[in-house]
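Take the position in the sequence shown, starting the count at 1, then add 215; the result is the number in the working numbering.
Each residue gets a CB set at the ideal place from its N, CA and C atoms; glycine is no exception.
To start, the structure itself, in structure tokens.
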Amino acid sequence: MSQRIVVAGAGHAAGQAVATLKQLRHAGEIILVGDEPYLPYQRPPLSKKFLSGDMPAQRLYVKPESFYDDPQIKLHLNTRIDAIDRDANVLKTSGPDIAYDKLVLATGSRVRKLAIDGSDLIGIHYLRDIDDVKAIRSELGEQKRAVVVGARPGWRSP
Ligand SMILES: Cc1cc2nc3c(=O)[nH]c(=O)nc-3n(C[C@H](O)[C@H](O)[C@H](O)COP(=O)(O)OP(=O)(O)OC[C@H]3O[C@@H](n4cnc5c(N)ncnc54)[C@H](O)[C@@H]3O)c2cc1C
């Protein structure tokens, strides 16, 4: 019997997992669940060409929209996974419950928010997703000085 594989995350790893399952001719349903409103996308250009406005959002996508226009694939975007019921093989989400035979966890990482005085002031942005970049870009040009916080110790730009 063909199995239903649910991929939790909808980031780059999740998008690539779906593409690989298709390539391997997985016969059952492939369901992608992610809490962002976008198709799986690559983050590296967010701080580069997408930030400078030289790349449209569609070019960030791991696979074009047409790739998901496939009866075997179901997308649940804007959907947060709140719990995994491993006894029942069901995901509890902000939308419908989603049953799975196999579950791929590709939920990535999160931005580490600063919990210090002033961290909620206007003009402070995090750089993690497409919407963060849209917010930063809307202020570029108006501001004379930008400070970037967060660097790997010992890392130097090539
Ligand atoms: C600005 C920026 C620039 C980068 N530049 C580079 C670079 O130049 N080179 C490089 O190698 N790497 C770079 N990286 C890192 C690289 O983008 C990450 O390693 C990569 O995104 C990891 O992909 P992922 O799919 O594993 O996780 P993620 O991209 O974190 O995707 C996980 C997805 O799962 C979703 N999710 C999490 N929990 C839930 C839940 N409970 N319910 C539903 N959905 C959920 C998240 O919202 C997210 O959409 C950069 C990252 C950023 C932010």
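Worksheet item: Can we count residue 361 as close to ligand 1, meaning its CB is less than 7 Å from some heavy atom?
Response: In the sequence shown, residue 361 corresponds to position 146, counting from 1. The answer is no for residue 361.
Discussion item. Among the candidates 257, 263, 297, 337, whose CA atom is the shortest distance from the CA of residue 250?
Written reply: Translated into positions along the sequence shown, residue 250 becomes position 35. The candidate whose alpha carbon is nearest that of residue 250 is 297.
Practice prompt. Using three-state DSSP, classify residue 317 as helix, strand or coil.
Written response: Sequence index remark: in the sequence shown, residue 317 carries index 102 (1-based). Reduced to three states, the DSSP call for residue 317 is strand.
Worksheet entry | Cβ separation of residue 292 and residue 260, assumed to be a contact under 8 Å, to the nearest whole Å | Counted from its first residue, the sequence shown places residue 292 at position 77. Counted from its first residue, the sequence shown places residue 260 at position 45. With 8 Å as the limit, residue 292 and residue 260 do not qualify as a contact, their Cβ atoms being about 20 Å apart.
Fill in: Beta carbon of residue 290 nearer than 8 Å to that of residue 221
On the sequence shown, residue 290 is found 75 positions in, with the first residue counted as 1. On the sequence shown, residue 221 is found 6 positions in, with the first residue counted as 1. Not in contact: residue 290 and residue 221 (Cβ atoms no closer than 8 Å).
Discussion item. Do residue 283 and residue 256 count as a contact pair if the criterion is CB distance below 8 Å?
Written reply: Taking the sequence shown and counting its residues from 1, the one referred to as residue 256 is at position 41. Taking the sequence shown and counting its residues from 1, the one referred to as residue 283 is at position 68. Taking 8 Å as the Cβ cut-off, residue 256 and residue 283 do not qualify as a contacting pair.
Item to complete: Count the CB pairs spanning the stretch 307 to 321 and the stretch 229 to 237 that are closer than 8 Å, and state whether there are at least three.
Response: yes
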